[in-house]
Structures are given as structure tokens and as C-alpha cells.
Amino acid sequence: MKPIHPISVKGCKAYYGKPVCVILKDGAQLVGILSRLEKGKLILNDEPAVRLKVKTKKSGAKKGKTGVNTKKALEAQTTAYPYAPSPVQPFGGGRIILDPALIAMLFALS
Numbered sequence: 008m009k010p011i012h013p014i015s016v017k018g019c020k021a022y023y024g025k026p027v028c029v030i031l032k033d034g035a036q037l038v039g040i041l042s043r044l045e046k047g048k049l050i051l052n053d054e055p056a057v058r059l060k061v062k063t064k065k066s067g068a069k070k071g072k073t074g075v076n077t078k079k080a081l082e083a084q085t086t087a088y089p090y091a092p093s094p095v096q097p098f099g100g101g102r103i104i105l106d107p108a109l110i111a112m113l114f115a116l117s
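Everything in the sequence shown is counted per the working numbering, starting at 8 for the first residue and increasing by one.
Listed below in C-alpha cells is the structure:
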């Protein structure tokens, strides 16, 4: 376990997407995946934002003709279970939003 200190965007950014253990000031312990630190809140187990990239491909130019730009969007992949939600909960459960003032210690687990 490696302590993450200070609990700030700069201090946490290297651990986004990694498992962490949060010990609150009341002694409670939470384990989850560090998603981000946003608007003064620490967020665990959040769904990653989907970013679709658009590729621009230039077709081969022939004599006397200019190339034409075409755009091809990437397709999203479907899940293995199309009729039901994922059968397994995310590591640590659902999304958790914490105020850093409640956190006594924050550790990276890997």
C-alpha cells in the first residue's frame, strides 16, 4: 500500500483507474477504484466516460484529382450479455462520492 498525499488532483491523477483504500475520520474503510477528483469531491467506482474518436482518412488521389476526406466513426462493441446488465458488480460496489474533509488516509493498493 502506498499513501496518496496530498489528496489533490495532482496527487491523485497517477492513481486514476487503480484500486484504493479510503479510511475515513470515523474509522470506516472503503475500497474501490479511484475514478477522479472533481469539483472538490473524490469519486470512486464511476463509469468511465465513453469517448468516440473520429478518424479522417484521405482517399488516394489520382492524376488531376484532389483527395477527398472521408470520416469513419468507430463502432461501440456490445456486451456478451445482451439481454441483461452485467452479472457482476464493479469492484467495490457502485459509485461513491466523498468529501476530502471526511478522509483521514488514502492508500493505493497496487
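Beta carbons are placed, not taken as given, at the ideal position from N, Cα and C, and that holds for glycine.
If you're wondering where the values come from, they're calculated on a predicted model, not measured in any experiment.
Assumed close pair residue i, residue j - CB separation to whole angstroms, cut-off 8 Å
i, j, result
"V27", "L113", "6 Å"
"G47", "P107", "7 Å"
7 Å CB neighbourhood of residue i in its chain, flanking five on each side removed
i, result
"C19", "I11, L41, L44"
"L109", "L31, K32"
Start-to-end residues for the alpha helix (DSSP H) that takes in residue i
i, result
"K48", "Note, K48: premise wrong, no alpha helix (DSSP H); beta strand (DSSP E) at 48 to 51."
"K17", "16 to 19"
Contact under 7 Å by Cβ, residue i with residue j
i, j, result
"L31", "I103", "no"
"C115", "K25", "Checking the displayed sequence, the identity of residue 115 turns out to be Ala instead of Cys. Their beta carbons are under 7 Å apart, which means A115 touches K25 by this criterion."
Host beta strand (DSSP E) of residue i (start-end)
i, result
"G39", "36 to 45"
"I30", "26 to 31"
Per DSSP, cross-strand counterpart(s) of residue i
i, result
"P10", "F114"
"L105", "L49"
Close-in-space but distant-in-sequence residues of the same chain around residue i (CB under 8 Å, 5 per side omitted)
i, result
"G100", "G39, N52"
"S117", "K25, P26"
"Y23", "L41, S42, R43"
Close-in-space but distant-in-sequence residues of the same chain around residue i (CB under 6 Å, 5 per side omitted)
i, result
"L105", "L49"
"K9", "A115"
"V16", "L44"
"Q36", "I30"
"E54", "none"
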